[in-house]
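To start, the structure itself, in structure tokens.
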Amino acid sequence: IHQNKLMTRGLAMKIGSCATSDANGNHARGDSCPVSERTIYVAIASYRDYQCRDTVTSIFERAKFPERVRVGVVDQIVDGEDGPCDAPYEPCSVNPEQMLCKYKSQLDVYQVDAPLAIGPVFARHLGHRMYRGEYYYMQSDAHVTFTRNWDVDIISQQEATKNEMAVLSTYLSDVVGNIDKNGKSLINTRPIMCNTDYESGQKNKYLRHGSQPEAVPTIRGTPQLEPYWAAGYSFSRGHFVVNVPYDFYQPMIFQGEEMSIGIRGFSIGYDFYAPERSVCFHHYAEGKNKKARNKVPHYWEHTNIYAGAGTKAMYRLLGVVHMNPEIDRNEWDHTEESKYGLGGVRTPEQFYSTFGIDVLHKRTEQHLCRFVETGLMHKNFTPFLRKDGMGIDYSAEAIASFKFKDPLNGEKGSEDVDDENEEEEEEE
2 IHQNKLMTRG LAMKIGSCAT SDANGNHARG DSCPVSERTI YVAIASYRDY
52 QCRDTVTSIF ERAKFPERVR VGVVDQIVDG EDGPCDAPYE PCSVNPEQML
102 CKYKSQLDVY QVDAPLAIGP VFARHLGHRM YRGEYYYMQS DAHVTFTRNW
152 DVDIISQQEA TKNEMAVLST YLSDVVGNID KNGKSLINTR PIMCNTDYES
202 GQKNKYLRHG SQPEAVPTIR GTPQLEPYWA AGYSFSRGHF VVNVPYDFYQ
252 PMIFQGEEMS IGIRGFSIGY DFYAPERSVC FHHYAEGKNK KARNKVPHYW
302 EHTNIYAGAG TKAMYRLLGV VHMNPEIDRN EWDHTEESKY GLGGVRTPEQ
352 FYSTFGIDVL HKRTEQHLCR FVETGLMHKN FTPFLRKDGM GIDYSAEAIA
402 SFKFKDPLNG EKGSEDVDDE NEEEEEEE
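In terms of this note's numbering, the sequence shown opens at residue 2 and continues consecutively.
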């Protein structure tokens, strides 16, 4: 709906349904809907994940206003072997108070035979298709535990940005030791997205996010600006789904997904923020969860069926966001590029120039986190939030002329040592 220009505030304010209707029975009330009644659509892509039903249970059980939440799950399973995401542990006739029973009408599950799964991009594309005009949109992994009153908390954070184009997104902290049995967060730190670099795969070089720094937020009272978007958790206004839909033509893509959505979103005018507080925690394959999580299969168990599809899709992914200028445009698929492509508010080139990315030589300016995590990006860019709240104006001279450069001139900092230690631990 962006039509290659900045969406107007008037249009944005019309988007979004309400848990209660107006006097005429209309639920599509947009900004006139009271904050406590604004609906939330939660999209989950799950691949043979035994914790999917626990995640959905947590979403409804821990929400302060569960009646306004709708969950859409793309459940890729082996029927008869894997437990469906909408199947309660007990029959609803025996225990109707189970969340999967109580809120059954607010849970939509699209089941896919596991051998037909072709990666998270396609699964999340299906999840986007299940959006029905909700006021807010949230994306989550299938193995996540939520905090008490998460819905009120994350909405208050989103509204605190005063930016209609704000997207709150981050890698999640581990669940172990960080949340109690009642859903209370035990930490005051959170990750922020600022650490990414090139890696090779599928006959291409692309940007991949590394481990992200986690600390007490430098900026208080509002989420903090960051350059990158994360697929594991994202919260925004509902129009993000229809403006930046997952690309239908990117099968067998895993790495690269986040740069595709992030840069396309940037070009359409969206701004990314790290939440000030975590409202959910991730079950990583570490510590006491390592054994169980490592038994969960991955979609690439059927890679041989779709040999070569990922390489072609990666050419398209990188081509759409202008990340492979050395490749002839005729070498990748341009089908429906206007739908799954860029916007007209900003260019990918401006993103690369601003944040120190050299797409020709495949390298990045290091230590970007020193600009982001410290709050400098937030303090320097926030003054240029448009007066109508429709995103940060990157055409402002102070931002347009900014080009991040490595403050250490290539030398290693303490964060580099931490990254190396983490990589060694992962190899072990």
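From the three backbone atoms N, C-alpha and C, an ideal C-beta is built for every residue, glycine too.
Check, Outcome
"Inter-stretch contact (C-beta, 8 angstroms, three-pair minimum) for the segment 175-184 and the segment 147-155", "yes"
"contact_flag[the segment 45-53, the segment 114-133] where n(CB pairs < 8 angstroms) is 3 or more", "yes"
"4 or more residues per run - each alpha helix (DSSP H) lying fully within the segment 36-97", "53-63"
"Residues of its chain near Q52, where Cβ-Cβ distance is below 7 angstroms and the 5 sequence neighbours each way are ignored", "A143, H144 and H284"
"Length of the line joining the Cα atoms of P252 and S339", "18 angstroms"
"Proximity of S18 and T40 at Cβ, strictly below 8 angstroms", "yes"
"Ranges of the alpha helix (DSSP H) found wholly within the segment 141-202, counting only runs of at least 4", "151-161"
"Test: S47 CB closer than 8 angstroms to a CB of chain B", "Of the protein chains in this structure there is only one, and it is not chain B."
"Neighbour-count burial assignment, T336, 16 or more Cβ in a 10 Å radius", "exposed"
"Enclosing alpha helix (DSSP H) for R265 [first to last residue]", "E258 to I269"
"Environment of G411 [buried if 16+ CB atoms lie within 10 Å]", "exposed"
"Rounded Cβ spacing between N189 and V217 (contact assumed at less than 8 angstroms)", "6 angstroms"
"Status (buried if at least 16 other CB within 10 Å, exposed otherwise) for Y300", "buried"
"Near the ligand NAP: K185 beta-carbon under 7 angstroms from a heavy atom", "With respect to the ligand NAP, the structure offers nothing, as it holds no ligand at all."
"Range of the contiguous beta strand (DSSP E) that encloses K430", "Limits of the chain in this structure are 2 at one end and 429 at the other, which puts residue 430 out of reach."
"Cutoff 7 angstroms; reference V242; Cβ partners in own chain excluding five residues on either side", "H129, Y132 and Y138"
"Bridge partner(s) assigned by DSSP for S237", "Y138 and V168"
"Cβ neighbours of Y395 in the same chain (closer than 7 angstroms, five flanking residues each side left out)", "R347, Q351 and A401"
"Nearest-angstrom Cα separation, counted from V74 out to Q256", "21 angstroms"
"Reduced DSSP category for Y111 - H, G, I as helix; E, B as strand; rest coil", "strand"
"Beta carbon of A161 nearer than 8 angstroms to that of T223", "yes"
"Unbroken alpha helix (DSSP H) run spanning H283, endpoints", "Not the alpha helix (DSSP H): H283 falls in the beta strand (DSSP E), residues C281 to H283."
"Rounded straight-line distance, which links the Cα of D83 to that of F385", "50 angstroms"
"Beta-bridge pairing of Y274 - partner residues as DSSP gives them", "L169 and L226"
"The segment 27-35 contacting the segment 95-115, beta-carbon criterion three pairs below 8 angstroms", "no"
"Three or more C-beta pairs below 8 angstroms linking the segment 155-169 and the segment 227-239", "yes"
"Per-residue burial, M194 [other beta carbons within 10 Å of its own, 16 or more giving buried]", "buried"
"Same chain, Cβ closer than 6 angstroms to D163, neighbours up to 5 away in sequence not counted", "Here residue 163 is Lys; the residue named in the question, Asp, does not match the sequence. Contacts found: G390."
"Proximity to F61 [Cα-Cα], best of C102, R278 and P85", "C102"
"E258 vs P121 beta-carbon contact at 8 angstroms", "yes"
"Segment limits, beta strand (DSSP E) that includes Y207", "N205 to H210"
"Other residues of its chain near D175: CB distance less than 7 angstroms, five sequence neighbours each side excluded", "F282, H283, Y285 and E287"
"Beta-carbon spacing of I119, Y307 below 8 angstroms", "yes"
"W333 and Y353 closer than 8 angstroms at C-beta", "no"
"Option nearest P228 by Cα separation, candidates N205, Y274 and E200", "Y274"
"L435, DSSP secondary structure in three states", "As displayed, the chain neither begins before 2 nor continues past 429, which places residue 435 out of reach and without an answer."
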